[in-house]
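Worksheet for the structure shown next.
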Amino acid sequence: MNDKPPLHEAEQVWSPYIPDERMPWNLARVVHLHRRAGFAATSSEIQRDLKDGPKTSIEHLLSGKARDASVPTDFERVAGLLAEAAVSAGDPTRLKAWWVYRLLFGPDPLGERLALMWHHHFATSNAKVDDLAAMRRQNELFRALGRKPFAELLTAVVRDPAVLIWLDAPANRKEHPNENLGRELMELFTLGVGNYSENDVKDAARALTGWTVEDGEFQEIAGRHDDGDKTILGKKGAWKGEDLLKILLEYPATARRLAVRLGKQFFGEGALDKSGLDALADLLRRNNLHIDLAVETILRSRAFFAEKNLRSRVFGPVEYVVCAVRALEMLESSPSTVALADWMALLGQDLFYPPNVFGWPGGRRWINTRSVVGRANFAAALVGGNGLGEPLDALKLVGRHHRGGSVVEAIDFYSELLLGTSPTPAFSERLHKALGGTATLVAETARRIVVLILASPEAQLG
Amino acid sequence: MFSRRDFLSRAALVALAPTVPGFLARSVRAATPRREGRVLIVVQLGGGNDGLNTVVPFKDEGYLKNRKVLRLPENRLLKIDDKTAFHPALDDAMKLFQSKRLAIVQGVGYPNPSRSHDVSMAVWQTARTDTEEHKGNGWLGRALDADASPLLFVGTTELPAALRGRRSSGSVLSRLEEFHLVGDAAAVRTMASPLTPNPSPPKGREGRQEDDLLAFVQRSFLDAFTTCDRLAEVARARDSGANYPSTGLANRLQLIARLLKTDFAARVFYTAQDGYDTHAAQLPTHANLLRELGGALRAFLDDLAASHLAERVAVLVFSEFGRQVRENAGAGTDHGTAAPVFLAGSRVQNGLVGTAPNLLDLVGNAPKMTMDFRRVYATVLEEWLGLPSKDALGGTYERLPLFGK
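Now the structure itself:
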């Protein structure tokens, strides 16, 4: 007798991944986990996770323990000093470098990835805010609250100087409302377009009148607040800013929008269908929009490890750059974080300077003439040490992981490390042709192999 | 009109579009003239250009009375009509005018003008006079929001506010080297060579998304390399004999011309020439700046004409303000108000537009504007780019006769 109720369709989509013959726990899935949910793994980390199995490996990633000995013991202290120095010097380049340091050396790549997602979601640019202390403070909110129930994050971020300045809250007063914050709060931070009317925007702006920044802190100035009745999403009352947030958080479209946001983060093209998104939205709605719960559900799911989710997403510049440095273990004498941040900007993702309120267009739009040339040139610069620091000793890295000394073996090693797969015959053929039929593996050949793999179309997907 | 054979060959190429590099396919589409093919180039003169010594009202009593050291001798001026003339260093602009490629809009400014560089530049860039709105989006960014078009700033500073949009994406290009593959270029290209079609995909992988996406990336790589080759080729061909002076502005316009020749996808290109803040010893500095401006504009338009691209391009030249009428004690001029705006290109209606301010009727030693700059913008947006201007400019502005039929 089987008296268990049949699995709800939604639950089926998010049923946990248990390795089987069709979906074995293998190199491809370990590399996928780290490239999609962290910032790539080193060869030893990959080997460790292959042994540990999915449950433990995912657990490590969720709890900030996925990185091996490379995390400096005084990481938080150093990071704090870097941020403070950047802010007091008023140098945006150094604040970008601070974040790159966190991405490369921090213990919690998943947390950093989510911080990056929220930077995109609440896309705020220092081009307008022009206040590094405020930008850093916002960034720390993404890190501290990015995995909590969404209400905590939303409330903190919209009542924080960076977003308030970015979206003209100080100009939004009873006598002359400014709709900027109200509109983006609805369209971008919560509901998404199509779920509200222009009247909702007007009244949301009225509810937000009086919110401003004074002496670098959020202030609510009663004298500037319009305390008349407002109708927002069909609810009528003398709403204030905090009431508006409550209304928006309760509205079903918000859960759905967050599901879409997380879906774009953890799934590639066509890897998550409508029923999956609906189920994720439902899960969020039933659980107080708890981001961590949703993230854990995703990472533990069959859907996340499904064949069609592997290598089905275009890497963004930050992912591309950081994953390369991490996987190649260029951490002891790491490349200049300032230079790495510059490369990210050149490739189209300038940290703290998203192009507009929509954040970075992303997906296939990461790939264009400049970025293609830029990525290939970055690979050459990183490996050759050109303007970035020490060149990569690609031959030594192969040896350190006890792999053989032939060209074929080096190709296998780097293909597995950087792409999560043994080279297909076609890929090998192209690589050999590109190498020009080199027979012996010398340091330079090993370096060329790395550059060519990183500069291949295959390496742009993750 | 094109012949049937032309049509067929074009149709054949379009049909092949998925397999030919994207830029080729785009060029084929671009062979049919269409409004979308039109491009606007903005040249921003930073610092506040002395409009009175650019387009000189040499008979104006106010000019003669207030300009002593800085008065340009009438016999050296390049006459536009019996009371208006170009600065002698603008001989290239004069040639554009004589070949009917230059409109000069006179006395352009805005009400209650600010004489602060930052504020006035923000007014021009955002098309908003309220300083509360100056941190917001720019006139071009807003205008191109509808289709999220790309806008490109060619220069080394950060993206100008004019190109900030809610949806459109402005980017900065500093150097042509960004299109140059360094190091192992041939090998990198080999890695992107066409994927061998796999006759029997491994089991369980049929129709996988990765294959489509990978094919897209691989195609984009080939596309990118082809565009780079084309840029290099254009550079090698010495720009069909174009003769650019070796100045900063000429270099930037030449880069824009090269991008246009490779059908680079941007509808607006923006660049700047700085140094116009001539508070002292203005004469030599200003002459050099104007020579650089005129020379660069003419070389650019001649180059495009030789490449049959001139019809697609209009160039707008503006500065954040003009300068005061009475010169200062240091043989320079201080911040002023209205000044002329240029519009150059083969589709431009040549000539003087509007009326020159009366230089005997001044406010704080500066001319009163006779033309709102948003009328120029409205005309450029509506009639050149075919875009609605109301939201971009925050109101409806009467258009000007700036473009020919």
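Chains A and B, in that order, are what the protein sequence lines are. Mapping the first sequence onto this note's numbering, position 186 (from 1) lands on 190, and the numbers just tick up by one. Mapping the second sequence onto this note's numbering, position 281 (from 1) lands on 286, and the numbers just tick up by one. Think of the CB as a built atom: it goes at the ideal place given N, C-alpha and C, for glycine as much as any other residue.
Taking 9 Å as the CB-CB cut-off, is residue i touching chain B?
i	result
R320 (chain A)	The sequence as given places Gly at residue 320 (chain A); Arg does not occur at that position. No, no contact with chain B.
D72 (chain A)	no
G352 (chain A)	yes
E88 (chain A)	no
A93 (chain A)	no
G272 (chain A)	yes
P461 (chain A)	yes
R261 (chain A)	no
A450 (chain A)	no
P359 (chain A)	yes
I302 (chain A)	no
S340 (chain A)	no
Q3 (chain A)	Given that chain A is displayed from residue 5 to residue 466, the structure contains no residue 3 (chain A) and the question cannot be resolved.
D172 (chain A)	yes
Are there any heavy atoms of the ligand NAD lying less than 8 Å away from the beta-carbon of residue i, as far as the coordinates show?
i	result
H124 (chain A)	The ligand NAD is absent from the structure shown, which contains no ligands of any kind.
Using a C-beta cutoff of 9 Å, does residue i count as contacting chain C?
i	result
F309 (chain A)	Protein chains in the displayed structure are A and B, and chain C is not among them.
Going by DSSP, what residues sit across from residue i in a beta bridge?
i	result
E224 (chain A)	A:W215
H294 (chain A)	A:P153
S305 (chain A)	A:P20
H291 (chain B)	In DSSP, H291 (chain B) forms no bridge with anything.
S460 (chain A)	Partner(s): none; S460 (chain A) has no beta bridge.
G175 (chain B)	B:L156
F323 (chain B)	B:Q49
F226 (chain B)	DSSP, once it has assigned bridges, lists no residue as partnering F226 (chain B).
Rounding to the nearest angstrom, what Cα-Cα distance links residue i and residue j in this structure?
i	j	result
G170 (chain B)	D134 (chain A)	18 Å
F91 (chain B)	N58 (chain B)	8 Å
G238 (chain A)	K250 (chain A)	14 Å
P365 (chain A)	P155 (chain B)	12 Å
F126 (chain A)	A160 (chain A)	12 Å
L287 (chain A)	G241 (chain A)	30 Å
V47 (chain B)	L75 (chain B)	28 Å
F28 (chain B)	F226 (chain B)	Interpretation of F28 (chain B) is limited by its pLDDT of 40, a score under 50 that renders its predicted location unreliable; no figure is taken from the coordinates.
F146 (chain A)	K152 (chain A)	10 Å
N184 (chain A)	A209 (chain A)	8 Å
W144 (chain B)	G42 (chain B)	20 Å
L189 (chain A)	A220 (chain B)	37 Å
R328 (chain B)	S92 (chain A)	38 Å
L281 (chain A)	T258 (chain A)	13 Å
S410 (chain A)	V455 (chain A)	17 Å
V273 (chain B)	V17 (chain A)	46 Å
F100 (chain A)	L107 (chain A)	Residue identity differs from the one stated: residue 100 (chain A) is Lys in this sequence, not Phe. The alpha-carbon atoms of K100 (chain A) and L107 (chain A) are separated by roughly 11 Å.
Determine whether the Cβ of residue i lies closer than 9 Å to any Cβ atom of chain A.
i	result
G341 (chain B)	no
S351 (chain B)	no
L77 (chain B)	no
A191 (chain B)	yes
N203 (chain B)	Confidence in N203 (chain B) is poor, its pLDDT being 49 and thus under 50, which makes the residue's placement too unreliable to answer from.
G188 (chain B)	yes
Q259 (chain B)	no
E104 (chain B)	With the sequence shown as reference, residue 104 (chain B) is identified as Ser, and Glu is not the correct amino acid for it. Chain A, which has no Cβ nearer than 9 Å to the Cβ of S104 (chain B), makes this no.
R303 (chain B)	no
K373 (chain B)	no
H185 (chain B)	yes
P393 (chain B)	no
*Listed from N- to C-terminal order along the chain, which residues in the region 414-441 of chain A have their beta-carbon within a distance smaller than 8 Å of any beta-carbon of chain B?*
Identification of residues in the region 414-441 of chain A having a C-beta nearer than 8 Å to some C-beta of chain B yields A430, E433, R434, L435, K437, A438, L439, G440, given in sequence order.
_So if I threshold CB-CB distances at 7 Å, which residues from the region 117-137 of chain A count as touching chain B?_
Hits within the stretch, in order: A131, K132.
_Members of the region 363-374 of chain A near chain B, C-beta cut-off 8 Å_ = Flagged, chain order: P365, R368, I371, N372, T373, R374.
*Is there contact here, the region 362-380 of chain A with the region 406-425 of chain A, by at least three beta-carbon pairs under 8 Å?*
Contact between the region 362-380 of chain A and the region 406-425 of chain A is absent: fewer than 3 CB-CB pairs across the two stretches fall below 8 Å.
*In chain order, what residues of the region 377-406 of chain A put their CB closer than 9 Å to some CB of chain B?*
Of all residues in the region 377-406 of chain A, those with a C-beta nearer than 9 Å to a C-beta of chain B are V377, G378, A380, N381, A383, A384, A385, G388, N390, reading in chain order.
*Are the region 264-275 of chain B and the region 230-241 of chain B touching by the rule of at least three beta carbon pairs closer than 8 Å?*
Contact between the region 264-275 of chain B and the region 230-241 of chain B is established, with three or more Cβ pairs separated by less than 8 Å.
_Does the structure place the region 424-443 of chain A close enough to the region 71-80 of chain A that three or more beta carbon pairs sit under 8 Å?_
Flag = no, the region 71-80 of chain A and the region 424-443 of chain A do not touch.
*Along the region 325-341 of chain B, what residues have a CB closer than 9 Å to any CB found in chain A?*
Nothing from the region 325-341 of chain B brings a Cβ to less than 9 Å from some Cβ of chain A.
*asked:* Does the region 174-183 of chain A come into contact with the region 209-216 of chain A, if we say contact requires no fewer than three beta-carbon pairs (one atom in each stretch) closer than 8 Å?
replied: Output reads yes: the region 209-216 of chain A touches the region 174-183 of chain A.
*With 7 Å as the C-beta to C-beta threshold (strictly closer), list the residues of the region 111-132 of chain B near chain A in chain order.*
If the cut-off is 7 Å between Cβ atoms, the region 111-132 of chain B has nothing near chain A.
*asked:* Within 8 Å, do at least three Cβ pairs link the region 95-105 of chain B to the region 364-376 of chain B?
replied: Judged by pairs of C-beta atoms under 8 Å, the region 364-376 of chain B does not touch the region 95-105 of chain B, as fewer than three such pairs exist.
*Does the region 340-357 of chain A come within contact of the region 382-401 of chain A, defined as at least 3 CB pairs closer than 8 Å?*
Three or more Cβ pairs closer than 8 Å define a contact, and the region 340-357 of chain A meets that threshold against the region 382-401 of chain A.
_Can you confirm whether the region 292-311 of chain A touches the region 321-338 of chain A when touching is taken to mean that 3 or more C-beta pairs between the two stretches lie within less than 8 Å?_
Too few Cβ pairs lie closer than 8 Å, so no.
*Please determine if the region 347-355 of chain A and the region 302-321 of chain A are in contact, where contact requires at least 3 C-beta pairs separated by less than 8 Å.*
Of all C-beta pairs linking the region 347-355 of chain A to the region 302-321 of chain A, three or more are shorter than 8 Å, placing the two stretches in contact.
*Taking a Cβ distance cut-off of 8 Å, strictly less, list which residues of the region 211-241 of chain B are near chain A, in chain order.*
Here the close residues are R213, Q214, E215, D217, L218, L219, F221, V222, Q223, S225, F226, D228, A229, F230, T232, C233.
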